[in-house]
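Engineer:
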Amino acid sequence: MDGQTSHTIPVTSGVPQGTVLGPLLFLEYINDLPEWVSRQSTVRLFADDSFLNRKIYPRADSILLQQDLDQLAAWEHTWLMSFNPSKCQLLRITKRRSPIQYDYTLHGHVLEQVSTAKYLGLNLHQQLSWNFHTDVTAEKANKTRVFIARNVHSCPKKVKAACYTTLVRPVMEYATTAWGPHTAQNCNKLEQIQQRVARQVRENSRYDSYVEDLKWETLETRHNNQRLTMFYRM
């Protein structure tokens, strides 16, 4: 209720939430996690997400990876942290018809094996194909496009164009330097969304001159420019 506060409770583990220094303190708190696994395994940390990977060949590597998982369980016990096994997934990246099978466990819970897993906003596929991620991205962008079209139908062309460049196009350009579509089919899936927006903004069916009128480049051109920019910075 307004004007009232709850009773104070001492924090005996973890870091305070909702503070300016909280994220920095949390990163310091978990910074030693990669040191608990073997050198042949790699741990990636981002905020409160962790990613463990290792090359599995021969089968004995599966046992070593399980030992790394056990080490992570020991780490969380030492530092009073806790992983959620039900949210952890196993993704085998391989093109082998008969990959090495092994049931990895965390706290006795067998990790769920999936064909795709989301990592930092990208949908990684077991064969490193970007078809699924392109489909997910196109669907998300198209839903946003429809929502905007329904709510700014009577707005000026400038407002409609700004809504697209602010809310729709960034969805289709997120991390494209890593996954940017290279097949004609996937390029068309995204390009068609921009075509629909161009027709809605111009309120006609002509699309061939949208570059001159709206000053929009094709998504393929923008993706290529983003990759070149990344290479230049590297």
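For the sequence shown, counting from 1, position 116 maps to 116 in our numbering; every step adds exactly one.
Quick reminder that beta carbons are idealized off the backbone N, C-alpha and C, glycines included.
(1) Does the stretch 153-161 come close enough to the stretch 105-119 that 3 or more CB-CB pairs lie under 8 Å?
(2) Strictly by DSSP, which residues pair up with K140?
(3) Where does T229 fall in DSSP's three states?
(4) Given 8 Å as the limit, is there contact between the stretch 60-67 and the stretch 79-86, that is, 3 or more CB pairs closer than that?
(5) Whose C-beta lies closer than 8 Å to the C-beta of A178 among residues of the same chain, with five residues either side of it excluded?
(6) Here's the rule I'm using: 16 or more other beta-carbon atoms within 10 Å means buried, otherwise exposed. How should Q17 be labelled?
(7) Does L64 come out as helix, strand or coil in the three-state DSSP assignment?
(8) To which residues of the same chain is L190 closer than 8 Å at the C-beta, ignoring the five residues directly before and after it?
(9) Between V168 and T144, how many whole angstroms is the CB-CB distance? I'm expecting something under 8 Å.
(10) Going by the beta-carbon positions, is the gap between S38 and D68 smaller than 7 Å?
(11) Cα separation between M234 and H223?
(12) Spatial neighbours of S115 within its chain, please: CB distance less than 6 Å, with the 5 preceding and 5 following residues excluded, ordered by chain position.
(13) Mind checking whether I100 and R54 have CB atoms under 7 Å apart?
(14) Please classify N53: does DSSP put it in a helix, a strand, or coil?
(15) Starting from H109, follow its DSSP beta bridges and name the residues at the other end.
(16) Nearest-angstrom Cα distance between A117 and K95?
(17) Assuming Q113 and R97 make a contact with CB atoms under 8 Å, what is their CB distance in whole Å?
(18) Using DSSP with H/G/I as helix, E/B as strand and the rest coil, what is V114?
(19) For V15 versus L27, is the C-beta distance shorter than 7 Å?
(20) Using 7 Å as the limit for Cβ to Cβ distance, is P16 near chain C?
(21) Have a look at F147, Y104, A175 and H153 and flag the residue whose alpha-carbon is nearest the alpha-carbon of N225.
(22) Just how far apart, CA to CA, sit R199 and F231?
(23) Can you tell me whether N186 is buried or exposed, with buried defined as 16 or more other CB within 10 angstroms of its CB?
(24) Just to check my reading of the structure: V146 and C163 have Cβ atoms closer than 8 Å, yes? What is that Cβ distance to the nearest angstrom?
Structural biologist: On the basis of the coordinates in this document:
(1) Proximity of the stretch 105-119 to the stretch 153-161 falls short of the contact definition, fewer than three beta-carbon pairs being nearer than 8 Å.
(2) Locating residue 140 in the sequence shown gives position 140, where the first residue counts as 1. When beta bridges are read from the DSSP output, K140 appears opposite no residue.
(3) As a working mapping, residue 229 is identified with position 229 in the sequence shown. DSSP, reduced to helix, strand and coil, places T229 within a helical segment of the structure shown.
(4) No, they do not touch.
(5) Indexing the sequence shown from 1 puts residue 178 at position 178. Cβ within range, chain order: L122.
(6) Residue numbering aside, residue 17 sits at position 17 when the sequence shown is read from its first letter. So Q17 ends up on the exposed side.
(7) Working through the sequence shown from its first residue, we reach residue 64 at position 64. The DSSP-derived three-state label of L64 is helix.
(8) Along the sequence shown, read from residue 1 onward, the residue named residue 190 stands at position 190. Excluding sequence neighbours, L190 sits near T134, T137, A138, A141, M172, P181 and L219.
(9) One-based indexing of the sequence shown puts residue 168 at position 168. One-based indexing of the sequence shown puts residue 144 at position 144. Yes, V168 and T144 are in contact; Cβ-Cβ is about 5 Å, under 8 Å.
(10) Residue numbering aside, residue 38 sits at position 38 when the sequence shown is read from its first letter. Residue numbering aside, residue 68 sits at position 68 when the sequence shown is read from its first letter. Going by C-beta atoms, S38 is nearer than 7 Å to D68.
(11) Sequence index remark: in the sequence shown, residue 234 carries index 234 (1-based). Sequence index remark: in the sequence shown, residue 223 carries index 223 (1-based). M234 and H223: Cα-Cα distance of roughly 17 Å.
(12) Here the question's residue 115 lines up with position 115 in the sequence shown. By the criterion of a C-beta distance shorter than 6 Å, S115 is surrounded in its chain by Q126, once the five residues flanking it on both sides are discounted.
(13) For the purposes of this step, residue 100 is taken as the residue at position 100 of the sequence shown. For the purposes of this step, residue 54 is taken as the residue at position 54 of the sequence shown. Note that the C-beta distance between I100 and R54 is not below 7 Å.
(14) Here residue 53 corresponds to residue number 53 of the sequence shown, with the count starting at 1. DSSP places N53 in strand when its eight states are reduced to three.
(15) Here residue 109 corresponds to residue number 109 of the sequence shown, with the count starting at 1. DSSP lists L106 as the bridge partner or partners of H109.
(16) For the purposes of this step, residue 117 is taken as the residue at position 117 of the sequence shown. For the purposes of this step, residue 95 is taken as the residue at position 95 of the sequence shown. CA-CA distance, A117 to K95, rounds to 16 Å.
(17) As a working note, residue 113 is residue 113 in the sequence shown. As a working note, residue 97 is residue 97 in the sequence shown. With a Cβ gap of about 16 Å, Q113 and R97 do not count as contacting.
(18) Walking along the sequence shown from the start, residue 114 turns up at place 114. Three-state DSSP puts V114 in a strand.
(19) Here the question's residue 15 lines up with position 15 in the sequence shown. Here the question's residue 27 lines up with position 27 in the sequence shown. L27 is positioned such that its CB atom lies no closer than 7 Å to that of V15.
(20) Absence of chain C from the displayed structure is noted, only one protein chain being present.
(21) The residue given as residue 225 occupies position 225 in the sequence shown. Among F147, Y104, A175 and H153, the Cα nearest to that of N225 is on A175.
(22) For the purposes of this step, residue 199 is taken as the residue at position 199 of the sequence shown. For the purposes of this step, residue 231 is taken as the residue at position 231 of the sequence shown. Spanning the alpha carbons of R199 and F231 requires a straight line of approximately 34 Å.
(23) Position 186 of the sequence shown holds residue 186. So N186 ends up on the buried side.
(24) Translated into the one-based positions of the sequence shown, residue 146 becomes position 146. Translated into the one-based positions of the sequence shown, residue 163 becomes position 163. The pair is not a contact, with the Cβ atoms about 12 Å apart (cut-off 8 Å).
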